[in-house]
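Quick mapping for you: the protein sequence lines, in order, are chains A and B.
Count along the first sequence starting at 1, add 320, and that's the number in our numbering.
Count along the second sequence starting at 1, add 5, and that's the number in our numbering.
First the structure, in the form of structure tokens, and then the observations on it.
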Amino acid sequence: MSDEVASREELLKTIDYVPAKQDLYKPNLEFRPGTWNYPANPKKAELVDLPYPREWNPTDLDWKLPENWKEIILKGMEERLDRYRSLRVYLDICVRCGACADKCHFYLGSGDPKNMPVARTELMRSIYRRYFTVGGKLLGGAAGGRELTEDVLKEWFYYYYQCTECRRCSVFCPYGIDTCEITMMGRELLNLVGIGINWIVEPLSNCFRTGNHLGIQPHAFADTVEFAMDDVEEITGVKVNVPMNKKGAEILFVTPSADYFAQPHWYTFLGYMMLFHELDLDYTMSSYASEGGNFGLFHSAEMMKRLNNKIYAEAQRLGVKWILGGECGHMWRVIHQYMDTINGPADFLEVPKSPITGTVFENAKATKMTHISEFTADLIKNNKLKLDPSRNDQWKITYHDSCNPARAMGLFEEPRYIINNVANNFYEMPENTIREKTFCCGSGSGLGTDENLEMRLRGGLPRGNAVKYVKERHGVNILTCMCAIDKATLPAVVDYWVGDVEIGGIHELVGNALIMKDEQKPRTTDLRGDPLPGVEGSEEGGE
Amino acid sequence: MSTLFGVILPYAAIAIFILGMLYKVIKWGKSAVPFRIPTTCAQEETLPWIKRKPHEKLDNPSNNLAVVGRMLLEVLIFRSLWRNTRAEVKADSQKLIYSGSKFLWLFGLLFHWSLLVILIRHCRLFFEPVPWILDVVENIDGMLEIMIPTLYLTDIAILLAVTYLFIRRVVFSQLRYISLPADYFALLLIGGVAVTGVLLRIFFHTDVEAVKELAMSVLRFSPEVPDQSISWLFYFHLAMVCTLLAYFPFSKMMHAGGIFFSPTRNMANTNRVKRHVNPWDYPVKLHPYHEYEEEFHDKMKQAGLPLEKE
Chain A
321 MSDEVASREE
331 LLKTIDYVPA
341 KQDLYKPNLE
351 FRPGTWNYPA
361 NPKKAELVDL
371 PYPREWNPTD
381 LDWKLPENWK
391 EIILKGMEER
401 LDRYRSLRVY
411 LDICVRCGAC
421 ADKCHFYLGS
431 GDPKNMPVAR
441 TELMRSIYRR
451 YFTVGGKLLG
461 GAAGGRELTE
471 DVLKEWFYYY
481 YQCTECRRCS
491 VFCPYGIDTC
501 EITMMGRELL
511 NLVGIGINWI
521 VEPLSNCFRT
531 GNHLGIQPHA
541 FADTVEFAMD
551 DVEEITGVKV
561 NVPMNKKGAE
571 ILFVTPSADY
581 FAQPHWYTFL
591 GYMMLFHELD
601 LDYTMSSYAS
611 EGGNFGLFHS
621 AEMMKRLNNK
631 IYAEAQRLGV
641 KWILGGECGH
651 MWRVIHQYMD
661 TINGPADFLE
671 VPKSPITGTV
681 FENAKATKMT
691 HISEFTADLI
701 KNNKLKLDPS
711 RNDQWKITYH
721 DSCNPARAMG
731 LFEEPRYIIN
741 NVANNFYEMP
751 ENTIREKTFC
761 CGSGSGLGTD
771 ENLEMRLRGG
781 LPRGNAVKYV
791 KERHGVNILT
801 CMCAIDKATL
811 PAVVDYWVGD
821 VEIGGIHELV
831 GNALIMKDEQ
841 KPRTTDLRGD
851 PLPGVEGSEE
861 GGE
Chain B
6 MSTLFGVILP
16 YAAIAIFILG
26 MLYKVIKWGK
36 SAVPFRIPTT
46 CAQEETLPWI
56 KRKPHEKLDN
66 PSNNLAVVGR
76 MLLEVLIFRS
86 LWRNTRAEVK
96 ADSQKLIYSG
106 SKFLWLFGLL
116 FHWSLLVILI
126 RHCRLFFEPV
136 PWILDVVENI
146 DGMLEIMIPT
156 LYLTDIAILL
166 AVTYLFIRRV
176 VFSQLRYISL
186 PADYFALLLI
196 GGVAVTGVLL
206 RIFFHTDVEA
216 VKELAMSVLR
226 FSPEVPDQSI
236 SWLFYFHLAM
246 VCTLLAYFPF
256 SKMMHAGGIF
266 FSPTRNMANT
276 NRVKRHVNPW
286 DYPVKLHPYH
296 EYEEEFHDKM
306 KQAGLPLEKE
């Protein structure tokens, strides 16, 4: 696909923050290839009982909407206005001060004025005014109202799938207006009339049936984990074992399925396995709950709940004491901000307690699920790991805060603490592009697919730009991150905007540095199988 | 005429203001908060050895007291607006540059604080004797006696701020794009109130004692319109204030109340510590383990995975 996208120089020239004279309320119906996602496959939609499954195409004039589509949308809006205070308040109180405008990666990368978060919300706010406020009902357009037409709906589809629900705008908004809330509602409403995208519907439909987004069936899951065990043995000489669906284990480990099926996630997965082996951790993975991610979040609150349910259900069936979660982004939004509410209370579990250090994770007292970087940071702090940071000396590292752990959790220090302990060369990107101000990869919230590559690359501009900065200044050659979508999609983004920078995970670095008791001979390669620099001369040893 | 502008209009405006505010606030209040969704702008409270600076404890509050602190910062000094930056793309050097941009914050703050002080100053029209605190406020505000009578600092500030806020909507193309008639209207209305107010003080005096009599009589619900001594400019000023009051609850100006209802700001990040209940939660269709095992039974058996039913 990438050869179809214009060159970096040409693409940059198309970005102009001075809006062309187009009306905010005139629907934009230009469905240029590379900027939108394919519609949901009706068969996959049927599997999870979605309404009005059908073949349709965004570039067609007729979207084959149900006859009473307008009624469905307006009724759906009315319901949600009562169900979500965020929606009602945020539709009411925006003053259009513009503070959010140039904070959105899609706006920064496209210059399309409707990608300013305020404009994205106005697409729905105008409908709200027209149908749900006195002023709008009486005065219509003069009061900022607009008729709900098929064109408006088409525009919603275009722009609510050009938002990655990253919440960066809500950091800068003086009232905390969160465009993510609006996009979520926009997508829910569109789904009511059978408008959804396949890159979301297929994974969630797979996940419902097989337990993971990729549709990996249990035997294949077991196989791939075995491959990983072989890889660990090849690199370290240590035979590790990964218990699966094991009843009575202390800990259930749940991680995004990409970890055991995609590059460069795989190396992080090897890192987990080595760590757990070294700790002699009493844990199990589950083929039924073999997905930490949750594409339901990008679809509807109901679908999120349907998918997330498996984690607690499996923890109960297996009789574990608590749950440990792998590196991920939106997975952690669901676990941190939603899981206990939608599928709790998890009374049958205990407050997570590290069997190695005895640390009780009070911050997970109710949800009973701990992030692996909290778990590992605690191990390092308590000197429970033997580490050789020089085994990461081939890397000059920077760290990309993933949107959800950053802005829907506040997980900033643990990953940095780990990286600084397992590696020697760590460089931060500029202040405006990290921590709570971090930029999305441009492919989050179910948009990480090929057909909209141009839009993803545009959305990835701010991140790419920041990586380029540290590459030029410090020679950074790896961008680490915890989100599985980041790991899957940043390679293309960084390749396009920067070049020669790898993408990796935190526990990949942990695995590289970890000195295992059972290791008989010095390692010659890192987890990627690349030779370690100056391996003959270097001494293996403790810190 | 003076009864219409001096009595009927103010009563109507105040009634609409109060009822409208109640209507909005009740609407917001009745709308559910299904999930706890604070926007976390700093390190969360996790392991005890990860120390957080005082501002981090407010930007990512872990208890209700910290939420109050966060809201106070937001309301009193516009914490989030302080973060504002401006982005520019440099196509030739292929760079995206961010620079600090504090003008919106500065003029926004000037605007709102001036408005508050002016409002407090006007309270003297409703009290007899005038509380000492109002004299203090007035004296501080009148520190700079540029002209006679006193030109208040806040008068200058609000005129400057309104002018800036208006001009930026006209001049900056991004803002012009997102500005609605209502945005200009609100600024013009407040600007009009401010300008007529200043005119009344400096150039076209009106009988303040008579205005005070009218104000207090309206407050006592026994309105008495004084004779000719109140000028038409005052009634014009008052009419604009009344328009503002009546328009307020149905306009974007309700951000004044709305910010307190904003779930990304008014909730503590206690997400994994305390259970939050969704009042409209309902059961959904699930795919339980036994159905899963049923479908994949043979494959699981072959792969050596433990089974519930052999």
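Quick reminder that beta carbons are idealized off the backbone N, C-alpha and C, glycines included.
Quick caveat, the model's predicted, so the values are computed rather than measured.
What number of angstroms, rounded off, separates the C-alpha of residue i from the C-alpha of residue j?
i: residue 124/B; j: residue 140/B; result: 13 Å
i: residue 294/B; j: residue 641/A; result: 19 Å
i: residue 90/B; j: residue 417/A; result: 13 Å
i: residue 384/A; j: residue 634/A; result: 40 Å
i: residue 159/B; j: residue 109/B; result: 18 Å
i: residue 338/A; j: residue 428/A; result: 12 Å
i: residue 75/B; j: residue 586/A; result: 41 Å
i: residue 59/B; j: residue 453/A; result: 41 Å
i: residue 486/A; j: residue 812/A; result: 19 Å
i: residue 759/A; j: residue 490/A; result: 13 Å
i: residue 21/B; j: residue 807/A; result: 55 Å
i: residue 302/B; j: residue 312/B; result: 8 Å
i: residue 444/A; j: residue 394/A; result: 11 Å
i: residue 290/B; j: residue 610/A; result: 19 Å
i: residue 513/A; j: residue 479/A; result: 17 Å
i: residue 345/A; j: residue 446/A; result: 8 Å
i: residue 278/B; j: residue 734/A; result: 18 Å
i: residue 638/A; j: residue 577/A; result: 20 Å
i: residue 172/B; j: residue 504/A; result: 34 Å
i: residue 371/A; j: residue 287/B; result: 18 Å
i: residue 859/A; j: residue 847/A; result: Low local confidence applies: a pLDDT of 45 at residue 859/A is under 50, so the model's placement there is unreliable, and no value is given.
By alpha-carbon positions, which one of the options ends up nearest to residue i?
i: residue 209/B; options: 27/B, 195/B and 234/B; result: 234/B
i: residue 608/A; options: 535/A, 679/A, 587/A and 588/A; result: 535/A
i: residue 560/A; options: 550/A, 358/A and 327/A; result: 550/A
i: residue 39/B; options: 338/A, 401/A and 329/A; result: 401/A
i: residue 98/B; options: 471/A, 817/A and 846/A; result: 817/A
i: residue 617/A; options: 605/A, 654/A and 365/A; result: 654/A
i: residue 686/A; options: 841/A, 679/A, 672/A and 696/A; result: 672/A
i: residue 146/B; options: 245/B, 119/B and 135/B; result: 119/B
i: residue 284/B; options: 379/A, 423/A, 404/A and 713/A; result: 404/A
i: residue 776/A; options: 349/A, 348/A, 342/A and 353/A; result: 353/A
i: residue 793/A; options: 507/A, 366/A, 665/A and 717/A; result: 717/A
Which whole-angstrom value describes the C-beta separation of residue i and residue j, a residue pair presumed to lie in contact below a C-beta threshold of 8 Å?
i: residue 650/A; j: residue 724/A; result: 5 Å
i: residue 357/A; j: residue 521/A; result: Residue 357/A to residue 521/A, Cβ: 10 Å. No contact.
i: residue 823/A; j: residue 768/A; result: Rounded, the Cβ-Cβ distance is 13 Å, inconsistent with contact.
i: residue 719/A; j: residue 739/A; result: 6 Å
i: residue 240/B; j: residue 10/B; result: 4 Å
At a Cβ threshold of 9 Å, is residue i touching chain D?
i: residue 181/B; result: No chain D appears in the structure shown, which is made up of the protein chains A and B.
Would the stretch 829–838 of chain A count as touching the stretch 584–596 of chain A if we require 3 or more Cβ pairs under 8 Å?
A contact between stretches requires three or more CB pairs, one per stretch, nearer than 8 Å, and the stretch 829–838 of chain A meets this requirement with the stretch 584–596 of chain A.
Along the stretch 678–693 of chain A, where does the CB come closer than 9 Å to a CB of chain B? Name the residues.
Hits within the stretch, in order: 679, 681, 682, 683, 684, 685, 686, 687, 688, 689, 690 and 691.
Tell me whether the stretch 620–631 of chain A and the stretch 646–660 of chain A touch, counting them as touching only if at least three CB pairs, one residue from each stretch, are closer than 8 Å.
Contact check between the stretch 620–631 of chain A and the stretch 646–660 of chain A: three or more CB pairs, one atom from each, fall below 8 Å, which counts as touching.
Check whether the stretch 705–714 of chain A and the stretch 677–694 of chain A touch, using three or more Cβ-Cβ pairs below 8 Å as the test.
When Cβ pairs closer than 8 Å are counted between the two stretches, the stretch 705–714 of chain A is seen not to touch the stretch 677–694 of chain A, the count staying below three.
Which residues, in chain order, does the stretch 242–274 of chain B contribute to contact with chain A at a C-beta distance below 7 Å?
The stretch 242–274 of chain B vs chain A, Cβ under 7 Å: 255, 257, 259, 260, 263, 264, 266, 267, 268, 269, 270 and 274.
Relative to chain A, which residues along the stretch 96–111 of chain B have a C-beta separation below 7 Å, given in chain order?
Correct list: 96, 99, 100, 101, 103 and 109.
Does the pairing of the stretch 725–735 of chain A with the stretch 679–690 of chain A give three or more beta-carbon distances under 8 Å?
Under the 8 Å Cβ criterion, the stretch 725–735 of chain A does not count as touching the stretch 679–690 of chain A, having fewer than three qualifying pairs.
With 7 Å as the C-beta to C-beta threshold (strictly closer), list the residues of the stretch 780–794 of chain A near chain B in chain order.
Answer in chain order: 781, 782 and 785.
May I ask you to list, following chain order, the residues of the stretch 644–661 of chain A that have a beta carbon less than 7 Å from some beta carbon of chain B?
Against chain B - using a Cβ distance shorter than 7 Å - the residues of the stretch 644–661 of chain A are 656, 657, 658, 660 and 661.
Along the stretch 426–439 of chain A, where does the CB come closer than 7 Å to a CB of chain B? Name the residues.
Taking 7 Å as the Cβ-Cβ cut-off against chain B, the residues of the stretch 426–439 of chain A that qualify are 428, 433, 436, 438 and 439.
Counting only Cβ-Cβ distances shorter than 7 Å, please list the residues of the stretch 709–730 of chain A near chain B, keeping chain order.
Taking 7 Å as the cut-off between beta carbons, the residues of the stretch 709–730 of chain A near chain B are 727, 728, 729 and 730, in sequence order.
Is the stretch 840–852 of chain A touching the stretch 750–766 of chain A in the sense that three or more CB pairs, one from each, lie closer than 8 Å?
With contact defined as three or more Cβ pairs closer than 8 Å, the stretch 750–766 of chain A and the stretch 840–852 of chain A are not in contact.
If the cut-off is 7 Å on Cβ atoms, which residues from the stretch 39–66 of chain B count as contacting chain A, listed in chain order?
Those would be 39, 40, 41, 42, 44, 45, 46, 47, 48, 49, 50, 51, 52, 54, 55 and 65, in chain order.
Contact between the stretch 223–232 of chain B and the stretch 250–267 of chain B: three or more CB pairs below 8 Å?
Short answer: they don't touch.
Would the stretch 789–803 of chain A count as touching the stretch 453–468 of chain A if we require 3 or more Cβ pairs under 8 Å?
Segment contact: the stretch 789–803 of chain A against the stretch 453–468 of chain A, fewer than three CB-CB distances shorter than 8 Å; contact not assigned.
Members of the stretch 383–404 of chain A near chain B, C-beta cut-off 8 Å:
Taken in chain order, the members of the stretch 383–404 of chain A whose beta-carbon sits within less than 8 Å of a beta-carbon on chain B are 401, 402, 403 and 404.
Residues of the stretch 489–505 of chain A with Cβ closer than 8 Å to any Cβ of chain B, in chain order
Taking 8 Å as the upper bound on Cβ-Cβ separation, chain B lies near residues 490, 491, 492, 493, 494, 495, 496, 497, 498 and 501 of the stretch 489–505 of chain A.
What residues in the stretch 326–337 of chain A bring their beta carbon closer than 8 Å to a beta carbon of chain B?
So the close ones are 328, 329, 332, 333, 335 and 337.
Segment contact, 8 Å Cβ cut-off, at least three pairs: the stretch 213–221 of chain B with the stretch 263–273 of chain B:
Flag = no, the stretch 213–221 of chain B and the stretch 263–273 of chain B do not touch.
Looking at chain A, which residues of the stretch 273–288 of chain B have a Cβ within less than 8 Å of any of its Cβ atoms?
Cβ proximity to chain A below 8 Å picks out 274, 276, 277, 278, 279, 280, 281, 282, 283, 285 and 286 from the stretch 273–288 of chain B.
Could you please tell me which residues of the stretch 831–853 of chain A, in chain order, have their CB closer than 8 Å to any CB of chain B?
Those residues of the stretch 831–853 of chain A that come within reach of chain B (Cβ to Cβ, closer than 8 Å) do not exist; the list is empty.
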